[in-house]
Amino acid sequence: MLFFSRISNGLRPGAFRSTLIGLAVLISFQTSPIARAEVAVLGQEGSISAVKWFPTVSPEEAAAGQTVATVPAELQNITAKSVIILDDADDTIIFAKEPDQPRQPASTIKVLTGIIAIHSLAGDEAVPVSREAASRPSSKMYLDPAKAYRADELISGVLLGSANDASVALAEMIAGNESDFAEFMNLQASHFGATHTNCKTATGLTAKDQTSTARDLALIFREAMRDDNFSARMKVRSITTDEGNTLYNHNKALWRIEGAEGGKTGYTLAARQTYVGKFSNGEATFIVAIMGSETMWRDLKQLVNFAYGQYPHILSARKEREASDLLANSRKDETIPKSYN
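Per our numbering, residue 5 is the first one in the sequence shown, and the count goes up by one each step.
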């Protein structure tokens, strides 16, 4: 899966903006439209498209006795402000809560930084570290501005250890500066169908007007995980750097939650806890995105368990739909007049 052509070695800092479109080789695809609402739960009437939507109730409506339909009991104590569980196969929404509310994404946005770097730099390419990059706060690899590091190592530092210094070093290597690299991130996000994401940094550190949504994070991660290089990295629990240091994956779901295939964590004071990841148990495969949580790991486990429990309904509905489509196509074929020579 090709995302980007290699950026010219002769590209000077500042020239990136004017040549952005010409440098990118991006996937064009159509994301299935997903209806929007505050809270949604997959319907169990036997149709994948049967989704129960629970609209927002205003204070005036609440005073008049109107209430929002009950959220499933097992999800009532999640603290995340925005959530989406998205089926990986056909975009069925299994559960959603304010999936389109713009929020600070924190380090989950590094998914874009990582996937762009994977397809812009050779793995053994030497990446210099500016003092600007080295000065970024933790999480970080504590890179030395006097040294250069392999791109492959820095990419793992970004995706596993959420290293801010590595994120900026890669951004500067690819685009000349972090601001121009953020434009590249926005372009890639839009090609992934994430049209409500606005990146200002390569790190996800709090920045004015830097926002994404739970839905966008799910779409971005879904597409990134379809790249073999990216998905292989996300499964690794730890690596040893060239200098002999052990770098651990921040995604504790890999050893705590059934079927975890990869994920990216995030946290800032403004964003609170954020997460996006992929889960599969052989039959069920889905993406979970969480934003604005105070109890992320508890929320995540409850959401994943809920999703697994919904899959008998999803698979049954999918089979019924396929059978119905097959019958409809068969009847259509019978009505087509036959021509004779």
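Cβ coordinates follow ideal geometry from the N, Cα and C atoms, glycine included.
Sort the options by Cα distance to residue i and report the nearest one.
| i | options | result |
| --- | --- | --- |
| residue 112 | 143, 152, 78 and 263 | 143 |
| residue 146 | 166, 130 and 296 | 166 |
| residue 131 | 156, 123 and 258 | 156 |
| residue 134 | 126, 99, 182 and 212 | 182 |
| residue 297 | 273, 283, 328 and 287 | 273 |
| residue 98 | 75, 120 and 125 | 75 |
| residue 238 | 334, 253, 140 and 173 | 253 |
| residue 138 | 217, 170 and 121 | 170 |
| residue 276 | 91, 107 and 92 | 107 |
| residue 176 | 120, 211, 192 and 258 | 120 |
| residue 320 | 287, 234 and 151 | 287 |
| residue 304 | 325, 258 and 335 | 258 |
| residue 152 | 308, 327, 246 and 326 | 246 |
What three-state label does DSSP hand residue i in the structure shown?
| i | result |
| --- | --- |
| residue 180 | coil |
| residue 277 | strand |
| residue 132 | strand |
| residue 313 | helix |
| residue 197 | coil |
| residue 335 | helix |
| residue 82 | coil |
| residue 233 | helix |
| residue 3 | Coverage of the chain is limited to positions 5 through 345, which leaves residue 3 absent and any answer about it impossible. |
| residue 112 | helix |
| residue 104 | coil |
| residue 121 | helix |
| residue 145 | coil |
| residue 287 | coil |
| residue 326 | helix |
| residue 264 | strand |
| residue 308 | helix |
| residue 26 | Unreliable placement is indicated for residue 26, whose pLDDT of 40 sits below 50; no coordinate value is reported for it. |
| residue 220 | helix |
| residue 87 | strand |
| residue 188 | helix |
| residue 175 | helix |
| residue 270 | strand |
| residue 154 | strand |
| residue 162 | helix |
| residue 228 | helix |
| residue 126 | coil |
| residue 257 | helix |
Against chain C, with Cβ distances strictly below 8 Å, would residue i count as a contact?
| i | result |
| --- | --- |
| residue 178 | Looking at the structure shown, chain C is missing, and only one protein chain is on hand. |
Express the C-alpha separation of residue j and residue i in angstroms, rounding to a whole number.
| i | j | result |
| --- | --- | --- |
| residue 312 | residue 289 | 9 Å |
| residue 89 | residue 164 | 22 Å |
| residue 271 | residue 109 | 8 Å |
| residue 260 | residue 315 | 21 Å |
| residue 187 | residue 203 | 7 Å |
| residue 226 | residue 282 | 8 Å |
| residue 280 | residue 323 | 28 Å |
| residue 306 | residue 82 | 8 Å |
| residue 214 | residue 162 | 19 Å |
| residue 244 | residue 263 | 25 Å |
| residue 77 | residue 91 | 21 Å |
| residue 149 | residue 240 | 27 Å |
| residue 100 | residue 194 | 21 Å |
| residue 114 | residue 174 | 11 Å |
| residue 180 | residue 127 | 19 Å |
| residue 334 | residue 103 | 38 Å |
| residue 251 | residue 236 | 16 Å |
| residue 94 | residue 212 | 34 Å |
| residue 330 | residue 308 | 32 Å |
Check whether the Cβ of residue i lies closer than 7 Å to any heavy atom of the ligand SAH, and answer yes or no.
| i | result |
| --- | --- |
| residue 95 | The ligand SAH is absent from the structure shown, which contains no ligand whatsoever. |
State yes or no: is the C-beta of residue i within less than 8 Å of the C-beta of residue j?
| i | j | result |
| --- | --- | --- |
| residue 310 | residue 79 | yes |
| residue 301 | residue 256 | yes |
| residue 84 | residue 295 | yes |
| residue 284 | residue 265 | yes |
| residue 198 | residue 231 | no |
| residue 136 | residue 172 | yes |
| residue 196 | residue 224 | yes |
| residue 348 | residue 140 | In the structure as shown, the chain begins at 5 and stops at 345. Residue 348 is therefore absent and cannot be evaluated. |
| residue 125 | residue 168 | no |
| residue 87 | residue 332 | no |
| residue 233 | residue 122 | yes |
| residue 190 | residue 205 | no |
Which whole-angstrom value is the C-beta distance of residue i and residue j, which I expect to be below 8 Å?
| i | j | result |
| --- | --- | --- |
| residue 178 | residue 118 | With 8 Å as the limit, residue 178 and residue 118 do not qualify as a contact, their Cβ atoms being about 12 Å apart. |
| residue 105 | residue 217 | 6 Å |
| residue 222 | residue 291 | 4 Å |
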